[in-house]
Every structure is written in structure tokens, then in C-alpha cells.
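**Q**
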Ligand code: DQA
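In our numbering, the protein residues as written are 358 to 503.
#1: Please state whether DSSP places residue 409 in a helix, a strand or coil.
#2: Taking just the CA atoms, how far does residue 410 sit from residue 465?
#3: Verify the contact flag: residue 443, CB atom, against every heavy atom of ligand 1, threshold strictly below 7 Å.
#4: Assuming contact is defined by CB atoms lying nearer than 8 Å, are residue 432 and residue 365 in contact in what I supplied?
#5: If you check the beta carbons only, do residue 454 and residue 479 fall under 8 Å apart?
#6: Could you tell me the alpha carbon to alpha carbon distance between residue 361 and residue 462, rounded to whole angstroms?
#7: Could you say which of 495, 379 and 449 lies nearest to residue 423 if we only look at CA atoms?
#8: Secondary structure at residue 488, three-state DSSP: helix, strand or coil?
#9: In the DSSP output, which residue or residues are listed as bridge partners for residue 387?
In C-alpha cells, the structure reads:
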């Protein structure tokens, strides 16, 4: 099973940005934890990050061509307003899990809205690095029982 993990705008700065919200783990640390869990679950995980919206859309198109089995996405602030990424995600047939490190519902009002809600299987937020690990388990299970 192939799982694609997508990280969007500003998320390469995890570990340096706002530790009260996002902790001190870097994106490399998160990816290493995901690879470790992937090994335990017997799945393959590829991780991708970009700060460019069009590049993210093109990576999602590639995921469609590659027929990946599940996608995890933390799109950062794009989550709250990018219809372009939403429409790209809607092309995929596989389960998509939306991930956030912080509890977006306990923060500013603009973070309470996800324009991806209608096209994702579910959302996991508020558990820091564990949000990604829980999301990987959820994605693998959703793909198995699709
Ligand atoms: C975030 C939450 C978003 O609101 C924010 O813009 C981010 C990170 C999170 O992981 O908690 O960049 O997606």
C-alpha cells in the first residue's frame, strides 16, 4: 500500500515557528516518525512539502496518476481558503485524511473553516506529531476497508 503525505505552506518551518502551537519537532522528525510507523504497518510512505500552491496541485495530480492508496494532507493555511487544492483533492478516488498539529477549532475563527471538509474522509487535529501518526493509522485502515 502506497500512502502519500503532503505538507503545505510554512510547514517546513515546524521546529522553528510558534512552539506553543506546534511544538519543537521539525518536519524531518515528523517524517522519520511516519516512516517508522509505516514499517510497523507494512506500508510505504512518501513525504512531500511545498510552499507553492500550483506545485501542490501538480503533486496531487501525480498522486492520481500513480494510483496511491491514501493521502494525508496538512495544507497549513491553504486549508482555510484554497479552492484550487480542494478541487485537486476532489479528483482523487482514495481516502484523504486532513491533519493539523494544533487544535484549529480552539484558535482564531478563520482556522475553524476547512474548505477540504467535503472531500476528505476525516480530520485529525490537536495532537501535535501524534496527529500525523493517528492519521496514518486512519488512512491505512480506510484504504483497507474502502
Ligand atoms: C496547521 C494549522 C493552520 O491553521 C496553520 O495555518 C498552519 C498549521 C497545523 O498543523 O496546526 O500552518 O495546519
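The beta carbon of each residue, even a glycine, is placed where N, CA and C say it ideally should be. Nothing here was measured: the structure is a model prediction, and the numbers come from that model.
**A** Considering the structure as presented:
#1: As a position in the chain shown, residue 409 is number 52, starting the count at 1. If DSSP states are grouped into helix, strand and coil, residue 409 belongs with coil.
#2: For the purposes of this step, residue 465 is taken as residue 108 along the chain shown, with counting starting at 1. For the purposes of this step, residue 410 is taken as residue 53 along the chain shown, with counting starting at 1. Counting only the Cα atoms, residue 410 lies some 23 Å from residue 465.
#3: Start at 1 with the first residue of the chain shown, and residue 443 comes out as number 86. Incorrect: residue 443 has no Cβ contact closer than 7 Å to ligand 1.
#4: The residue you call residue 432 lines up with position 75 of the chain shown. The residue you call residue 365 lines up with position 8 of the chain shown. For residue 432 and residue 365, yes; Cβs fall inside 8 Å.
#5: Position 97 of the chain shown, counted from the first residue, corresponds to residue 454. Position 122 of the chain shown, counted from the first residue, corresponds to residue 479. Going by C-beta atoms, residue 454 is nearer than 8 Å to residue 479.
#6: On the chain shown, position 4 is the one that residue 361 refers to. On the chain shown, position 105 is the one that residue 462 refers to. Rounded to the nearest whole angstrom, the C-alpha separation of residue 361 and residue 462 is 25 Å.
#7: Taking the chain shown and counting its residues from 1, one reaches residue 423 at position 66. Looking at the Cα atoms, 449 is the closest of the given residues.
#8: Taking the chain shown and counting its residues from 1, one reaches residue 488 at position 131. Secondary structure of residue 488 (DSSP, three-state): helix.
#9: Position 30 of the chain shown, counted from the first residue, corresponds to residue 387. Beta-bridge pairing by DSSP links residue 387 to no other residue.
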